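Q:
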Amino acid sequence: MKNRIDLIKGDITTLEVDAIVNAANKSLLGGGGVDGAIHIAAGPDLIDECKSLNGCETGKSKITKGYRLKAKHIIHTVGPVWYGGYRDEHELLASCYQSSLEIAREQKIRTIAFPGISTGIYGFPREMAALIAVSETRRFLMKNKYPEKVTFVTFTDDNYETYRRLLNQ
Ligand code: ADP
Numbered sequence: 020m021k022n023r024i025d026l027i028k029g030d031i032t033t034l035e036v037d038a039i040v041n042a043a044n045k046s047l048l049g050g051g052g053v054d055g056a057i058h059i060a061a062g063p064d065l066i067d068e069c070k071s072l073n074g075c076e077t078g079k080s081k082i083t084k085g086y087r088l089k090a091k092h093i094i095h096t097v098g099p100v101w102y103g104g105y106r107d108e109h110e111l112l113a114s115c116y117q118s119s120l121e122i123a124r125e126q127k128i129r130t131i132a133f134p135g136i137s138t139g140i141y142g143f144p145r146e147m148a149a150l151i152a153v154s155e156t157r158r159f160l161m162k163n164k165y166p167e168k169v170t171f172v173t174f175t176d177d178n179y180e181t182y183r184r185l186l187n188q
């Protein structure tokens with residue numbers, strides 16, 4: 020299990036993996052944060068494919084091609100906006116990881132990288148979000164052959180430490 024989960028600090032748009040996960044919004048038509056960075060790096064053909072998908076519900080995921088990215092695919096998942104924990108935010112964030120990993124399994128994706136879904140503009144507390152990310156991923160990998168490897172991508176030092184601590188437990 021240990022060698023199936025990786026942790027790096029950096030820019031997810033530069034990774035050479037089968038799929039990167041995008042922290043998208045329900046429209047799937049781009050936005051700020053990692054979503055904006057992915058759209059810029061992938062190029063304008065991405066938005067055309069996204070327009071054909073008719074959006075996505077919170078907690079669910081949809082796949083597109085990666086276009087100009089080194090990553091072959093983008094799995095767009097819609098994280099919950101944090102409202103204090105009273106609107107099923109935990110379950111919805113867990114569902115983002117489950118549904119993204121489920122698509123990876125179906126498509127026989129070997130390597131997949133996740134940013135911290137909902138932990139930027141959407142305001143989900145980072146420690147709790149990292150715990151959900153790690154526990155849902157471990158649970159999924161235990162039961163499934165694909166994806167073979169999951170990389171968590173952090174953008175800041177303190178977030179890296181949070182994941183490192185959880186992964187060493
Ligand atoms: P959300 O709206 O789901 O909160 P954001 O894009 O605002 O999404 O933030 C999600 C996480 O992605 C944050 O932890 C942010 O620091 C991180 N992030 C932003 N840009 C990048 C990037 N290029 N690569 C990896 N992570 C990123």
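Per the working numbering, residue 20 is the first one in the sequence shown, and the count goes up by one each step. Note that CB positions come from ideal geometry on N, CA and C, so glycine has one too. Only a predicted model underlies this, so the values are computations on that prediction, with no experimental measurement involved.
1. Considering only residues of the same chain and omitting the five flanking positions on each side of Gly74, which have a CB-CB separation below 7 Å?
2. Give the single residue among Ala113, Arg106 and Met161 whose Cα lies nearest to the Cα of Thr96.
3. I'd like the list of long-range same chain contacts for Ile27, defined as Cβ closer than 7 Å, with 5 residues on each side in sequence excluded.
4. Please state whether DSSP places Leu34 in a helix, a strand or coil.
5. Is any heavy atom in the ligand ADP found nearer than 8 Å to the beta carbon of Tyr141?
6. Does the Cβ of Asp25 lie closer than 8 Å to at least one heavy atom of the ligand ADP?
7. Could you give the residue range of the alpha helix (DSSP H) that holds Leu185?
8. Among residues of its own chain, excluding the 5 on either side of Thr181, which ones have a beta-carbon nearer than 7 Å to its beta-carbon?
9. Would you say the region 98 to 106 touches the region 55 to 62, given that touching needs at least three Cβ pairs under 8 Å?
A: Answer, in terms of the structure:
1. Lys45, Ser46 and Leu47
2. Ala113
3. Thr170 and Val172
4. coil
5. yes
6. no
7. Asp176 to Leu186
8. Arg145, Glu146 and Ala149
9. no
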